[in-house]
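Worksheet for the structure shown next.
4 protein chains.
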Amino acid sequence: MIADLTPANKILEKTERYLSVRHYSETQCKPLLIEDYIPQPVVFISPPKWHLGHTTWFFEEFILKNYYDGYRLFDDNFSFLFNSYYNTVGKRIMRADRGNLTRPGVEKIYDYRKYVDEHMEKLLCETEDENLWNLLVLGLNHEQQHQELFLTDLKYILGHNPLFPVYRENYDLTNQQNESEGFLKIQEDIYEIGHSGKGFCYDNELGKHKVFLHEYEISKSLVTNGELIDFINDDGYKRFDLWLDEGWTWVNENKISAPRYWHLIDGRWHQYTLAGLKPVKNRNMLSHISFYEAMAFAEWKNMRLPTEFEWEVASAALDWGKRWEWTGSAYSPYPGFTKPPGAVGEYNGKFMVKQIVLRGGSSATSPGHSRATYRNFFHPHFQWQYSGIRLAKNHSL
Amino acid sequence: MIADLTPANKILEKTERYLSVRHYSETQCKPLLIEDYIPQPVVFISPPKWHLGHTTWFFEEFILKNYYDGYRLFDDNFSFLFNSYYNTVGKRIMRADRGNLTRPGVEKIYDYRKYVDEHMEKLLCETEDENLWNLLVLGLNHEQQHQELFLTDLKYILGHNPLFPVYRENYDLTNQQNESEGFLKIQEDIYEIGHSGKGFCYDNELGKHKVFLHEYEISKSLVTNGELIDFINDDGYKRFDLWLDEGWTWVNENKISAPRYWHLIDGRWHQYTLAGLKPVKNRNMLSHISFYEAMAFAEWKNMRLPTEFEWEVASAALDWGKRWEWTGSAYSPYPGFTKPPGAVGEYNGKFMVKQIVLRGGSSATSPGHSRATYRNFFHPHFQWQYSGIRLAKNHSL
Amino acid sequence: MIADLTPANKILEKTERYLSVRHYSETQCKPLLIEDYIPQPVVFISPPKWHLGHTTWFFEEFILKNYYDGYRLFDDNFSFLFNSYYNTVGKRIMRADRGNLTRPGVEKIYDYRKYVDEHMEKLLCETEDENLWNLLVLGLNHEQQHQELFLTDLKYILGHNPLFPVYRENYDLTNQQNESEGFLKIQEDIYEIGHSGKGFCYDNELGKHKVFLHEYEISKSLVTNGELIDFINDDGYKRFDLWLDEGWTWVNENKISAPRYWHLIDGRWHQYTLAGLKPVKNRNMLSHISFYEAMAFAEWKNMRLPTEFEWEVASAALDWGKRWEWTGSAYSPYPGFTKPPGAVGEYNGKFMVKQIVLRGGSSATSPGHSRATYRNFFHPHFQWQYSGIRLAKNHSL
Amino acid sequence: MIADLTPANKILEKTERYLSVRHYSETQCKPLLIEDYIPQPVVFISPPKWHLGHTTWFFEEFILKNYYDGYRLFDDNFSFLFNSYYNTVGKRIMRADRGNLTRPGVEKIYDYRKYVDEHMEKLLCETEDENLWNLLVLGLNHEQQHQELFLTDLKYILGHNPLFPVYRENYDLTNQQNESEGFLKIQEDIYEIGHSGKGFCYDNELGKHKVFLHEYEISKSLVTNGELIDFINDDGYKRFDLWLDEGWTWVNENKISAPRYWHLIDGRWHQYTLAGLKPVKNRNMLSHISFYEAMAFAEWKNMRLPTEFEWEVASAALDWGKRWEWTGSAYSPYPGFTKPPGAVGEYNGKFMVKQIVLRGGSSATSPGHSRATYRNFFHPHFQWQYSGIRLAKNHSL
């Protein structure tokens with residue numbers, strides 16, 4: 192991690208950024224009922240309450256405990272409750288049990304946030320420690336990741352309620368159209384991949400390195416809902432020859448016949464959005480699609496997904512950031528990747544198997560939390576992110 | 192079902208009983224946070240919110256819809272949300288999904304209760320229909336069953352929270368001692384079993400019939416915590432020869448080594464109670480024990496569990512009602528058992544396989560909801576009820 | 192166990208009976224290919240090779256090791272390989288692994304049988320020990336049980352091969368018709384239940400005792416294939432109201448729509464038999480039916496299954512022995528039941544939960560292995576035995 | 192696929208190669224008992240009988256049916272029985288059911304092989320069709336793959352028999368030592384990857400293309416048993432920080448504490464080999480290791496696995512072919528990858544997700560079935576192949 196704000200006279204700016212990010216998390220929760228904070232419908236979804244607590248614990252565990260002289264934990268149990276997956280920092284509740292925790296109540300979680308924020312603010316005014324600032328930036332980026340997960344997890348919770356409740360009127364994050372069309376051609380060459388410079392990045396973006404790319408073409412637009420409906424109407428979900436073998440198993444075992452949140456009502460496709468149930472608009476960019484579906488769709492189009500390198504090289508000339516874009520690349524370490532020591536070393540490296548890289552960012556991504564080198568990753572069957580498809584092809588095609 | 196209140200001039204009494212039972216459910220919820228109403232930690236536990244809605248739906252579905260002229264449903268979706276297992280009355284959400292429903296919010300459930308109660312009160316004042324009154328009594332008994340489930344389900348939810356939250360101070364339902372000791376001898380004879388008379392009972396108690404019992408002895412007291420600790424200390428949970436084969440599998444697969452809610456802390460047994468974590472008192476009656484454990488304990492004592500018939504015959508001379516008592520009897524229909532037509536026929540009969548009869552009643556049972564002929568039933572591995580052990584033996588022993 | 196042959200001068204008779212039962216097991220295997228001895232398609236099926244080894248091990252373990260001076264085990268590993276479920280006599284391979292054991296080869300199993308038989312013959316000629324003789328009789332009855340399991344397990348193995356191989360021409364064990372019809376009325380009275388006298392019985396038949404039976408009627412005939420086809424045609428497998436709740440789950444999860452081994456081919460019902468695939472004959476007695484199906488069928492007929500006591504009391508006047516008949520009784524201990532000490536105590540008692548009693552005997556039961564007090568038992572979902580339905584009703588119906 | 196034998200005058204050579212490969216499969220089976228041909232202990236293992244039938248079916252389905260005028264199927268059922276995963280060519284039995292098929296018997300499978308071989312021989316003498324020859328070469332390579340699977344599957348079957356049977360005396364395929372040591376340094380450059388030339392290769396090796404590699408070092412030797420024992424003794428299987436997250440779950444759920452087939456007997460490590468149980472030799476190359484273990488071991492050494500590109504570039508200077516070597520590369524398509532049309536298109540492409548590339552070849556690989564561009568692939572938890580570890584590192588380390 193490289194801090195993006197180093198001079199001592201920027202203390203104020205840092206504190207303001209801290210408070211701003213922290214405040215954003217709470218603003219997101221404004222429309223919630225207390226009831227909405229609790230459930231964990233499936234194991235990969237976390238309750239809103241847990242997101243609020245966990246992001247706060249991150250600052251307490253990694254910063255306040257180490258840098259704030261005489262800091263007293265808000266509650267001794269919270270480390271156990273709000274540690275996500277850091278084996279380095281001790282025991283934690285099983286991930287599947289997050290939805291059982293009615294206590295501490297929501298109000299106490301807000302007290303916890305306030306307590307930590309007050310101590311953080313005090314600490315930030317008094318220190319210029321570079322390591323602390325690096326951890327601060329990491330913690331804020333971490334919270335921003337959870338802000339996006341908050342939205343996608345909440346959509347899952349509300350979207351599986353047969354009443355299709357509205358989170359916020361007019362807050363439909365799927366309602367975007369492409370601004371460009373056609374394909375961009377990129378020449379064969381050696382290119383540089385990975386993050387450099389002073390801004391923040393995660394460890395998995397480091398190890399700036401060279402890759403050789405053959406000539407390729409990459410679409411300027413993302414696949415639309417209308418194109419996916421064509422795929423459905425051409426029996427795309429029923430033709431084994433389009434699918435990866437594990438994708439075909441996934442389709443059949445889960446009876447998948449459309450993107451998540453889609454419902455065929457009286458012959459017309461609808462989708463649940465955070466603004467409630469809406470008709471699917473053909474011209475909007477497709478979202479909530481798994482890697483398996485993305486691969487089958489590309490096969491149906493006689494094209495392919497771009498690799499994450501092809502994506503990164505082309506990105507400066509592309510319009511991106513409204514959907515996470517499945518690449519054709521498995522999530523692996525860059526040549527020079529090294530895990531940081533201690534708990535933060537568990538942030539990324541240990542997940543580098545069986546997952547797929549997504550690039551770009553979505554309409555649910557927090558402001559300022561996107562960059563061209565960002566490597567998001569999920570298992571290939573997940574649909575609950577705002578994920579879409581950009582196609583690529585070899586020049587000869 | 193046989194109504195216990197028939198004369199027309201008892202309308203007032205009925206209405207008061209209705210309101211009293213309904214009010215009791217809400218009183219039980221007083222100490223809850225909104226958060227506590229939501230979770231369903233495992234599939235056999237229902238969220239408090241669901242209990243409140245489901246019992247209300249029962250009156251709406253079976254009484255108001257049929258007897259109240261021009262009744263308008265409070266909400267069209269509620270039948271789908273709050274039907275438990277009645278296939279006769281249409282679709283319902285999967286049992287495992289009850290914990291995902293944050294909406295309708297808790298407040299709306301209370302509105303629902305109020306709406307239904309107002310209509311019920313009006314209806315009750317205007318009718319003397321015998322069938323309606325029978326359904327009313329069934330509905331109230333149904334709600335009382337859920338009042339007990341509310342307590343045991345809530346104990347499960349709070350008792351699996353690592354913070355061991357208190358529901359109510361001094362509300363420890365496990366804190367009872369035996370008042371008698373020794374064995375009661377019952378002579379060989381033909382006895383009558385089952386319910387008769389005018390009071391309410393469930394269909395599974397009907398078919399009053401004769402059974403022949405050989406001479407036997409039945410304990411006047413229930414097994415205590417201290418005796419169970421002796422069993423533990425004698426390696427009772429580790430000796431295969433004491434256990435039913437499926438019980439032994441259950442012990443090993445679930446790593447069972449004590450009753451549910453028991454924790455060995457610094458060499459001393461503690462148990463979670465609705466009043467928080469407490470040291471186990473040796474002289475108190477044991478609770479939260481499965482049938483498998485009850486059978487193994489009886490084997491260890493060279494005794495056996497009484498059959499449900501032996502229990503019922505002896506019950507007049509026994510002190511009972513503080514623990515559900517596992518009997519040695521599988522849950523089967525009485526000779527003259529017939530299922531009532533329609534949805535209420537699904538109340539009991541369809542569960543008569545693989546389950547075990549419990550007799551008596553527990554300290555969590557609602558007032559007035561016990562009788563000697565009552566047949567409770569659960570699968571043999573369940574521990575989450577206030578269940579205990581009464582021993583029996585053949586006279587020759 | 193009570194030996195049925197006690198006088199010392201009956202040594203010859205015993206030896207002959209021993210050799211006759213043992214020989215019968217091998218005769219059953221004559222039509223097999225070596226390949227057929229091996230597989231275990233599902234966990235509750237044992238490979239033919241295992242049956243041959245396990246029954247032999249029983250004699251070695253319980254008789255030769257204890258009664259034959261200087262006996263040397265045929266192979267030290269065989270106790271580990273061929274112990275079924277006796278925890279008392281040490282470790283054993285997991286039940287699910289029986290189908291993996293290609294070695295020892297089939298030939299060696301026959302060598303094992305020969306070795307044990309030679310030593311048994313020698314031992315039987317030299318002893319008059321009453322205990323040994325009791326164990327001998329138990330061992331022979333045990334082997335007869337496995338002879339029946341051999342046939343039903345083999346039918347499962349061959350019957351799930353898409354080629355429907357023939358075990359023996361003309362060996363169709365489902366090809367029997369009823370010889371009587373109508374209902375038999377039994378008067379209300381106290382009756383005696385259980386085994387007495389000198390002949391062999393299992394421990395679960397002991398504890399002769401009295402039961403009171405109300406007047407009832409029991410069918411003289413078993414349900415036929417034709418009646419079951421009527422049930423199918425009346426949507427019997429699709430009407431939830433006919434089924435136990437767990438039965439309904441079983442039907443839906445396993446997509447059950449007919450008895451096991453039935454196939455609808457070009458609109459006509461066929462069934463796999465040990466003589467190959469055959470058209471279903473309407474007048475034959477139904478077989479390969481689960482308890483769940485039996486209960487649903489009885490419900491459809493507005494009747495019920497007889498209890499095991501009703502069955503036993505009526506049995507002298509019934510024609511039985513061609514199908515195992517599901518009773519309405521859960522498998523529970525008789526009032527005076529006591530487990531024998533040691534390993535033979537694991538024979539029956541530890542299975543007395545969640546299972547259902549079947550009475551009678553089937554066309555696959557070995558000669559001489561039936562009696563009116565015999566209590567067979569299986570879990571309610573099993574169909575692979577030659578199991579059928581006898582109906583009963585209350586007199587008032 | 193590119194045929195390696197094109198001239199018309201090479202018919203004889205082709206026929207001989209066909210017969211030689213086919214004969215090798217049968218030679219491998221010589222030491223088997225009939226019993227050994229049958230079992231399928233877990234779903235990813237196929238019975239020897241199935242390998243013999245499936246490889247034969249491949250020639251019948253893809254060659255004889257299409258190229259042999261008037262060809263009559265040996266048995267109409269065999270396509271159903273012996274199709275592995277080709278959806279294109281119709282229905283097939285479930286993979287998990289392969290071990291239930293005792294019929295057709297082993298002898299009939301050999302008849303099938305003979306029948307197909309005779310027709311193939313006749314066909315090969317009469318044709319010069321290029322497509323047929325390409326399919327022939329594919330079929331022979333396919334059979335060679337199954338020859339290796341035969342050995343690893345058989346090892347699994349026999350190796351999980353508590354008697355540890357010997358397949359062949361002195362046939363220990365784990366008994367190899369390294370011939371070189373130290374690290375090889377490879378310069379930063381653009382390299383060519385993939386297959387070219389006339390020899391046979393699979394479709395996944397095609398799309399010869401350029402990659403840029405940074406400077407790296409790759410070990411000349413494979414990790415030895417002794418080094419793995421050091422890892423065990425340093426608690427390598429117990430330190431979460433060494434493992435991928437899914438690897439750590441795999442270790443704990445399956446209680447993995449050593450490579451497959453290893454047993455600690457009286458404090459000394461032994462391993463099951465096809466020659467029986469043997470002491471582990473420290474200097475031999477490690478085998479039967481999963482990708483998860485390989486990654487944890489590399490982490491423990493502060494090194495990494497080579498990518499498949501690094502491996503291929505270095506391969507000419509390495510001694511390889513005795514263990515399949517886990518690379519750090521997920522199995523993905525090469526830039527120019529295209530699936531062949533029809534069933535052969537299902538050979539490789541549809542498996543390109545969640546699996547890991549292994550390079551090299553093992554002591555169980557059939558003669559002539561290795562090349563530097565060969566891309567083997569398995570899921571990361573599999574241990575049953577003769578898989579080992581070669582380490583790499585960045586030059587700067």
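Chains R, B, D and F, in that order, give the protein sequences. For the first sequence, the numbering used here begins at 192 and goes up steadily by one. For the second sequence, the numbering used here begins at 192 and goes up steadily by one. For the third sequence, the numbering used here begins at 192 and goes up steadily by one. For the fourth sequence, the numbering used here begins at 192 and goes up steadily by one. Each residue gets a CB set at the ideal place from its N, CA and C atoms; glycine is no exception.
Contact list for residue i against chain F, beta-carbon separation under 8 Å
| i | result |
| --- | --- |
| V548 (chain R) | Those within 8 Å of V548 (chain R) in chain F number zero; the least Cβ separation is about 10 Å. |
| H214 (chain R) | By Cβ distance, chain F contributes nothing, its closest Cβ being about 32 Å from H214 (chain R), past 8 Å. |
| E381 (chain R) | Looking at the sequence shown, residue 381 (chain R) is not Glu but Ile. By Cβ distance, chain F contributes I381 and F403. |
Proximal chain R residues relative to residue i, where beta-carbon distance stays under 9 Å
| i | result |
| --- | --- |
| S523 (chain F) | T498, G519, S520 and A521 |
Local Cβ density within 10 Å of residue i, reported as buried at 16 or more and exposed below that
| i | result |
| --- | --- |
| I471 (chain F) | The residue you asked about is not Ile; residue 471 (chain F) is Val in the sequence shown. Result: buried. |
| T440 (chain F) | exposed |
| N567 (chain R) | buried |
| V504 (chain R) | buried |
| K541 (chain D) | buried |
| A521 (chain F) | buried |
| M476 (chain D) | buried |
7 Å Cβ cut-off: residues of chain F touching residue i
| i | result |
| --- | --- |
| V544 (chain R) | L435, E437 and P571 |
Alpha-carbon spacing of residue i relative to residue j, whole angstroms
| i | j | result |
| --- | --- | --- |
| R359 (chain D) | G417 (chain D) | 26 Å |
| L292 (chain R) | I229 (chain R) | 7 Å |
| I580 (chain R) | E484 (chain D) | 50 Å |
| P531 (chain B) | K545 (chain B) | 22 Å |
| K313 (chain D) | E252 (chain D) | 16 Å |
| K513 (chain R) | N369 (chain R) | 9 Å |
| L223 (chain F) | G551 (chain F) | 28 Å |
| E204 (chain B) | L315 (chain B) | 10 Å |
| N493 (chain R) | A487 (chain R) | 10 Å |
Within chain D, partners of residue i - CB distance below 7 Å
| i | result |
| --- | --- |
| F269 (chain B) | Those within 7 Å of F269 (chain B) in chain D number zero; the least Cβ separation is about 22 Å. |
Closer than 7 Å at the beta carbon, the chain R residues around residue i
| i | result |
| --- | --- |
| G527 (chain F) | N585 |
Within chain D, partners of residue i - CB distance below 9 Å
| i | result |
| --- | --- |
| K541 (chain B) | F431, D432, W434, L435, D436, E437, G438 and W439 |
Partner residues on chain F for residue i, Cβ-Cβ distance less than 9 Å
| i | result |
| --- | --- |
| R294 (chain D) | L224, E226, D227, L349, N352, L354 and P356 |
CB of residue i within 8 Å of CB of residue j, strictly
| i | j | result |
| --- | --- | --- |
| L243 (chain R) | I300 (chain R) | yes |
| N395 (chain B) | F528 (chain B) | yes |
| H333 (chain R) | F431 (chain R) | no |
| W575 (chain D) | H479 (chain D) | yes |
Proximal chain B residues relative to residue i, where beta-carbon distance stays under 9 Å
| i | result |
| --- | --- |
| P558 (chain R) | The premise fails here: P558 (chain R) is roughly 27 Å from chain B at the closest Cβ pair, so nothing lies under 9 Å. |
Looking at chain R, which residues of the region 389–407 of chain F have a Cβ within less than 7 Å of any of its Cβ atoms? If the cut-off is 7 Å between Cβ atoms, the region 389–407 of chain F has H400, K401, V402, F403 and H405 near chain R.
Would you list, in chain order, the members of the region 274–303 of chain F that have their beta-carbon closer than 8 Å to a beta-carbon of chain R? Y276, N278 and T279
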